[in-house]
Amino acid sequence: MSLYDEFMLRTAHSEIYDELCEERKLFKLRAHLFTAALAYGILHNVCSQAKPNHDIVRLSQLEKRHPTQVALIKLLAKIVCKGEDERSRSYEILAYADGGLELLWEEYQAQGTLDVPRMVEEA
Numbered sequence: 003m004s005l006y007d008e009f010m011l012r013t014a015h016s017e018i019y020d021e022l023c024e025e026r027k028l029f030k031l032r033a034h035l036f037t038a039a040l041a042y043g044i045l046h047n048v049c050s051q052a053k054p055n056h057d058i059v060r061l062s063q064l065e066k067r068h069p070t071q072v073a074l075i076k077l078l079a080k081i082v083c084k085g086e087d088e089r090s091r092s093y094e095i096l097a098y099a100d101g102g103l104e105l106l107w108e109e110y111q112a113q114g115t116l117d118v119p120r121m122v123e124e125a
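Last residue of the sequence shown? That's 125 in this note's numbering, and every number before it is there in order.
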């Protein structure tokens, strides 16, 4: 089971996206941070309880310029999502992404940077 094309990438933490993407420029696109946070949340099996209410981008819009990234998001969704319908799978993927984002943010605040290779190796 996969995500539908009109699925909207969302977050509960737009201020973290602002800091890491716009101010610190650690990620070129918010969708890049979303994908990294999703993978990190899955690696640590961490889901956020926060309600994702800030839109990032629709999968269909992202796919036009970044098809490999969309394929990765859909693959991760197929691997981890247990929901029977699109809505429950959507909530799961957003919870993992925000869970990973919260962990990345803690790391950033503690270290002042994101040493992604080290973080993945330690996961």
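Yeah, the Cβ is synthetic: ideal placement off N, Cα and C, and Gly gets one too.
Alpha-carbon spacing of residue i relative to residue j, whole angstroms
i, j, result
"Ile18", "Ala39", "11 Å"
"Leu105", "Gly43", "8 Å"
"Pro54", "His15", "8 Å"
"Ala73", "Gln111", "30 Å"
"Glu108", "Ala99", "14 Å"
"Met10", "Asp57", "7 Å"
"Tyr93", "Val122", "24 Å"
"Leu45", "Leu77", "14 Å"
"Arg60", "His34", "13 Å"
"Met3", "Ile75", "Reliability of the predicted coordinates at Met3 is poor, the pLDDT of 49 falling under 50, and the value obtained from them is presented with this limitation in mind. Roughly 12 Å separates the two Cα atoms."
"Lys84", "Lys27", "34 Å"
"Phe29", "Leu22", "7 Å"
"Gln63", "Thr37", "15 Å"
Beta bridge counterpart(s) of residue i as assigned by DSSP
i, result
"Met10", "Arg60"
Expected contact under 8 Å - CB spacing of residue i and residue j to nearest Å
i, j, result
"Leu5", "Ala79", "5 Å"
"Val48", "Gly114", "At roughly 22 Å, the Cβ-Cβ gap does not stay under 8 Å, so Val48 and Gly114 are not in contact."
Whole alpha helix (DSSP H) elements within the stretch 12-71, 4-residue minimum: 16-19, 32-45, 61-67
Sequence ranges, alpha helix (DSSP H) only - wholly within the stretch 84-125, length at least 4: Secondary structure within the stretch 84-125: the alpha helix (DSSP H) runs of 4 or more consecutive residues, fully enclosed, are 88-113, 118-124 (chain order).
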